[in-house]
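Worksheet: the structure to be examined is printed underneath.
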Amino acid sequence: MEEFKQSIRTDSVSKGTPYPKPLVVPASISETEGVKRLQHVIRNVLDTEQFMEFAFFVNDHTYVIPENLCSWLMRYDPAMNLYAGHALYEKRSGKMFNSGASGYVLSKTTMQNIVNEWDAEPTNPNCQTSGLSKWLDNNPGLVTAKCLFHALDCQPMDTRDEEGSQRFHAFGLTRVVTGKVDGWYFNKHEQLDFGKGTEDVNDHLPNGRRCCSSETISFHYVEAMETYALFQLLSIGTEEMNRLSDTELGTIVMNKWPERKDLGYYAHPLPIQTDTFWKDTLAVIRKISFSGGSKLKLQMCNAHN
3 MEEFKQSIRT DSVSKGTPYP KPLVVPASIS ETEGVKRLQH VIRNVLDTEQ
53 FMEFAFFVND HTYVIPENLC SWLMRYDPAM NLYAGHALYE KRSGKMFNSG
103 ASGYVLSKTT MQNIVNEWDA EPTNPNCQTS GLSKWLDNNP GLVTAKCLFH
153 ALDCQPMDTR DEEGSQRFHA FGLTRVVTGK VDGWYFNKHE QLDFGKGTED
203 VNDHLPNGRR CCSSETISFH YVEAMETYAL FQLLSIGTEE MNRLSDTELG
253 TIVMNKWPER KDLGYYAHPL PIQTDTFWKD TLAVIRKISF SGGSKLKLQM
303 CNAHN
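Read in order, the letters of the sequence shown correspond to residues 3 to 307 in our numbering.
Okay, here's the thing in structure tokens:
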């Protein structure tokens with residue numbers, strides 16, 4: 003098998019410090035103390051990353067395309083509040099929040115503002131982090147979203163592209179293409195409203211080739227073998243991708259995609275080749291293949307840094 007190399011970026015403004023860098027949560031904070039763990043991460047990022055402008059909070063089994071994340075964030079000002087990801091709607095509270103599964107971005111200013119709210123005396127009751135239910139403590143993103151909304155007037159933004167395709171995905175490639183997402187996730191898009199007034203669930207969860215933006219940033223529930231397959235497929239050069247017929251590309255996809263036993267528990271296998279979604283899957287892979295623009299995007303990001 004071809005070696006899967008981990009790229010290490012050295013940022014000149016960070017005095018040659020290599021990335022990625024480990025951030026270890028101390029043993030004194032248990033795995034069940036989700037809010038304390040998030041607080042520890044945010045405080046440490048602010049204290050140690052002087053030149054950081056944004057932070058992307060994401061699970062370790064989420065596939066991320068950093069070129070797309072970086073180039074998309076260049077449109078925004080880190081001095082302003084920013085809370086961006088895949089928006090969901092919580093009916094009980096009547097408020098929006100971003101999916102932790104697909105990952106969400108906070109600007110440096112937003113992180114500093116929320117730390118200020120945590121440290122304020124007395125603490126804003128909407129930013130309270132102690133005396134929480136076990137369920138809330140295991141869902142720190144909801145606690146953070148509540149504080150952001152009530153104390154900072156900062157709420158999720160619409161991160162879809164001009165065609166209405168999503169950039170942040172809480173499921174893997176095959177599940178968002180086929181639209182076979184969990185019921186709870188589908189329900190969290192009911193009553194989701196960005197002020198357009200005429201949208202329904204299908205506008206927020208398009209399937210088929212409209213599912214995914216060409217600037218897709220993340221796919222969740224992606225384990226090691228699927229990560230490797232996605233990396234290889236999305237690294238096919240633009241010239242080569244354009245030369246390949248669907249039959250040829252399909253053969254490459256089938257050869258590289260993991261068997262069912264090697265996929266993660268929440269992942270789905272590829273659609274069968276007679277299924278309409280098979281061609282949609284190939285179209286989406288072509289759509290988000292980043293090799294053609296990745297070098298330019300990296301050059302722009304590095305120049306910005």
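Note that beta-carbon positions come from the ideal geometry of N, C-alpha and C, so glycine has one too.
Element boundaries [beta strand (DSSP E), containing residue i]
i: Tyr230; result: From DSSP, Tyr230 is part of no beta strand (DSSP E) but of the alpha helix (DSSP H) over Ala226 to Leu236.
i: Glu92; result: Ala89 to Glu92
i: Lys289; result: No beta strand (DSSP E) holds Lys289; the alpha helix (DSSP H) holding it covers Thr278 to Ile290.
i: Asn100; result: Lys97 to Asn100
Contact belief for residue i with residue j at Cβ below 8 Å, rounded distance in angstroms
i: Glu228; j: Gly185; result: At roughly 23 Å, the Cβ-Cβ gap does not stay under 8 Å, so Glu228 and Gly185 are not in contact.
i: Asp84; j: Tyr91; result: Contrary to the premise, residue 84 reads as Leu rather than Asp in this sequence. Contact doesn't hold; Cβ gap of about 20 Å is too wide.
Residues near residue i by beta carbon distance below 8 Å, same chain, minus five either side
i: Val179; result: Asn209, Gly210, Arg211, Cys213, Cys214, Pro273, Phe279, Asp282, Thr283 and Val286
i: Gln193; result: Tyr91 and Lys93
i: Lys17; result: The predicted model places Lys17 with a pLDDT of 45, which falls under 50 and marks its position as unreliable; any figure quoted below should be read in that light. Closer than 8 Å at the Cβ level, and outside the excluded window around Lys17, lies no residue.
i: Thr112; result: Asn83, Leu84, Tyr85, Leu150, Leu154 and Cys156
Residue i CB to nearest heavy atom of the ligand COA below 7 Å
i: Ala29; result: You won't find the ligand COA in this model; it holds no ligand whatsoever.
Enclosing alpha helix (DSSP H) for residue i [first to last residue]
i: Val183; result: Run containing Val183: none; DSSP gives neither H nor E here.
i: Phe56; result: Where Phe56 is concerned, there is no enclosing alpha helix (DSSP H), although the beta strand (DSSP E) it sits in stretches over Phe56 to Phe59.
i: Met243; result: Thr240 to Arg245
i: His222; result: Run containing His222: none in the alpha helix (DSSP H); it sits in the beta strand (DSSP E), Ser220 to His222.
i: Met76; result: Unbroken run through Met76: none, as it is neither H nor E.
i: Val43; result: Gly36 to Thr50
i: Met256; result: Asp248 to Lys258
i: Val2; result: Lying outside 3 to 307, the shown extent of the chain, residue 2 is not represented and no answer is given.
Buried or exposed (CB count within 10 angstroms, at least 16 for buried), residue i
i: Pro142; result: buried
i: Asp53; result: Position check: residue 53 holds Phe in this sequence, whereas Asp was assumed. Exposed is the call here.
i: Trp137; result: exposed
i: Thr64; result: buried
i: Gly105; result: buried
i: Arg288; result: buried
i: Lys110; result: buried
Cβ-based neighbour list, residue i, same chain, cut-off 7 Å, excluding 5 preceding and 5 following
i: Cys312; result: Given that the chain is displayed from residue 3 to residue 307, the structure contains no residue 312 and the question cannot be resolved.
i: Lys263; result: none
i: Lys38; result: Ile31
i: Asn46; result: Leu25
Other residues of its chain near residue i: CB distance less than 6 Å, five sequence neighbours each side excluded
i: Leu75; result: Phe56
i: Leu40; result: Pro142
### Every unbroken beta strand (DSSP E) inside the stretch 105-180 [3 residues or more]
106-109
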